[in-house]
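What the sequence shown shows, in our numbering, is residues 90 to 471, in sequence order. All C-beta atoms in this analysis are idealised placements derived from N, C-alpha and C, irrespective of residue type, glycine included. Remember, it's a predicted structure, so these values are computed and weren't measured experimentally.
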Amino acid sequence: MDPLSTVEPRYGHGSLADVMPSVLHALGAPGEPDPLGLAPLLDGVRRIAVVLIDGLGWHQLATAAPHAPTIAGLAGGHLGTGRAITAGFPSTTPVSLVTLGTGAAPGHHGIVGFTLNRPGTDHVVNHLSWTDEPDPADWQPLPTAFTRAQEAGLAPIVVTNPAFNGSGLTRSAYRGARFGPGVAADAIAAEMLAALPDSRLVYGYLPDVDRAGHNFGIGTAQWHAAAAAADRLLARLIDGLPPDAALIVTADHGQLDVPADRRIDLDRDPRLTDGVAIVAGEPRVRYLHTVPGAQQDVLSAWRGILGDGAWVTTRDEAVATGWFGPVPDSHLSRIGDVVVVCRERWVVLASAHEPPRLADMIAFHGSATAAEMEIPLLVVRR
């Protein structure tokens with residue numbers, strides 16, 4: 090598939106939202122469906138390790154392969170089975186972590202963007218720096234898969250950077266689990282293997298590939314080093330899995346390098362700020378909350394300026410595509426009055442609204458291209 094072609098989320102039969110329900114089903118948790126059909130692959134498995142490698146999309150596996158023999162073996166079917174599933178939309182880390190953690194589509198759990206306007210205020214919630222306000226239990230009200238696993242007696246453990254513990258995003262995605270510390274790949278592997286004898290569900294998160302892509306670009310020496318670290322993590326887990334265990338590897342999204350001439354800064358063009366009260370989202374998917382009566386003018390201005398570089402539409406039209414999954418009324422107003430979904434390799438920066446480091450990034454994600462939306466589902470068992 091052309092990595093720049095549009096891919097719709099495959100909720101209910103082939104998406105990130107379906108991973109944990111299928112995992113819990115395989116482990117015998119009552120009432121959990123198996124939308125990915127993993128039961129035959131996991132027959133007889135009593136414990137499962139799940140690893141999410143941030144930024145390692147399906148279309149990046151071939152680039153990683155020369156420096157990542159374990160990943161190459163998994164993707165090629167030599168060490169297990171591998172196929173592409175989809176992220177949710179938008180294809181960005183906070184959305185995806187909560188989608189995995191709840192087993193629900195973004196519209197259902199409510200984290201529908203990297204940053205979101207808190208309805209009724211002028212406050213924009215950045216989900217990576219979010220702590221207590223809004224209350225995570227209200228902002229993301231669904232029980233997580235880890236809560237359901239705990240209730241089923243699976244003693245779930247999440248291994249991640251201890252700096253993330255207690256954050257709003259962590260509480261939204263992982264509440265119900267016990268936490269284990271792990272920053273670098275080797276430490277994450279060691280902690281996960283140490284947890285498996287006592288836990289039937291252990292999850293680990295590695296951010297290195299995503300960070301290298303943002304800072305240096307896909308396929309650079311730094312990116313290959315991050316992919317090699319992820320490969321070491323997986324190799325150690327496979328070597329150390331107990332006989333009754335399986336490993337499932339996935340990602341939250343892929344990435345695209347974006348050239349300098351495909352970057353539009355909305356804050357440097359007054360035609361793009363006229364009528365806009367609040368800017369949210371991120372460079373690949375923008376949410377524009379308009380002043381009363383300005384929606385149509387904003388639509389016309391943005392469509393005229395961005396042309397084929399983006400799909401510019403209303404909230405209602407965006408929700409009607411089904412890309413968010415069902416969106417209850419309580420979450421609708423988190424999505425902008427105008428939604429801007431970048432096509433191909435375009436981004437819309439917001440220099441007056443966001444940290445300068447965003448403009449310095451090389452690779453981006455969030456939109457609906459195959460390179461961003463398609464992610465791996467790799468399964469190996471002892």
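For residue i: DSSP bridge partner residues
i	result
His378	Ile367
Thr249	Pro270
Ala400	Residue identity differs from the one stated: residue 400 is Trp in this sequence, not Ala. The partner list for Trp400 (beta bridge, DSSP) reads Val430.
Gly293	Val140, Val248
Val545	Here the chain covers residues 90 to 471 and nothing more, so residue 545 does not appear.
Ala452	Asp346
Thr458	Thr95
Simplified DSSP assignment, three categories, for residue i
i	result
Ala276	helix
Asp354	strand
Glu97	coil
Phe268	strand
Ser261	helix
Ile137	strand
Ile394	helix
Ser104	strand
Val468	strand
Ala283	helix
Val408	helix
Glu463	strand
Asp386	helix
Leu125	coil
Arg373	coil
Arg422	Note on identity: in this sequence residue 422 is Ser, with Arg being the wrong assignment. Ser422: coil per DSSP, three-state reduction.
Val416	coil
Ala441	coil
Sequence-distant residues of the same chain with beta carbon closer than 6 Å to residue i, five excluded per side
i	result
Ala241	Ala118
Gln384	Asp426
Ser288	Ala244, Ile246
Gly455	Pro179, Ser180, Thr181, Glu371, Arg373, Val374
Asn250	Val272
Val380	Gly364, Ala366
His378	Asn206, Ala366, Ile367, Gly425, Asp426
Val291	Ala138, Ile246, Met281, Ala284, Leu285
Thr233	Gly190, Thr191, Arg264, Gly265
Gly293	Val140, Val248, Ile277, Met281
Gly199	Gln229, His420
Arg172	Leu466
Own chain, CB closer than 8 Å to residue i, minus 5 neighbours either side, in chain order
i	result
Ser94	Thr458, Ala459
Ala334	Val134, Arg135, Arg136, Ile137, Ala138, Leu285, Arg470, Arg471
Val436	Val347, Arg351, Arg352, Ile353, Pro372, Arg373, Phe453
Pro415	Ala194, Gly196, His197
Phe413	Gly177, Phe178, Ala194, Pro195, Gly196, Val201, Ala407, Ile424
Ala295	Correcting the residue type first, residue 295 is Leu in the shown sequence and not Ala. The answer, listed in chain order, is Val140, Leu141, Ile142, Asp143, Ala274, Ile277, Ala318, Ala319, Leu322.
Ser440	Asp354, Asp356, Arg357, Ala448
Val108	Leu125, Val139, Ile174, Leu189, Gly192, Ile337, Thr339, Leu466
Asn254	Phe268
Pro331	Arg136, Leu285, Pro286, Arg471
Arg392	Val401
Ala279	Gly271, Arg325
Integer-rounded CB distance, given that residue j should sit under 8 Å from residue i
i	j	result
His342	Ser180	4 Å
Ser261	Gly177	So it is not a contact: roughly 14 Å between Cβ atoms.
Pro465	Trp147	5 Å
Leu141	Leu189	6 Å
Asp297	Ala276	Between Ala276 and Asp297 the Cβ distance is about 12 Å, and since that is not below 8 Å, they are no contact.
His102	Pro129	The Cβ separation is near 16 Å, so there is no contact.
Leu345	Glu461	6 Å
Gln239	Val187	Not really, about 17 Å apart at Cβ, beyond 8 Å.
Arg404	Val428	6 Å
Ala316	His156	6 Å
Val213	Pro223	About 12 Å; that fails the 8 Å criterion.
Asn304	Ile394	Actually they do not touch by this definition, with Cβ atoms about 29 Å apart.
Val401	Leu421	The Cβ separation is near 19 Å, so there is no contact.
Ala324	Thr159	4 Å
Arg432	Ala390	About 18 Å; that fails the 8 Å criterion.
Val468	Thr170	5 Å
Close beta carbons around residue i, own chain, < 7 Å, minus the five adjacent residues each side
i	result
Pro225	Gly257, Arg260, Ser261
Gly162	Leu168
Thr152	Ile307, Gly308
Gly209	none
Pro122	Pro110, His114
Leu150	Ile160, Ala164, Pro465
Pro92	His148, Thr458, Ala459, Ala460
Asp227	none
Sequence ranges, alpha helix (DSSP H) only - wholly within the segment 150 to 197, length at least 4 = 150 to 153, 158 to 164, 182 to 191
Entirely enclosed alpha helix (DSSP H) segments - the segment 201 to 241, minimum 4 residues = 225 to 228, 234 to 240
What residue ranges within the segment 300 to 359 form continuous alpha helix (DSSP H) runs of no fewer than 4 residues, ordered along the chain?
-> 310 to 329
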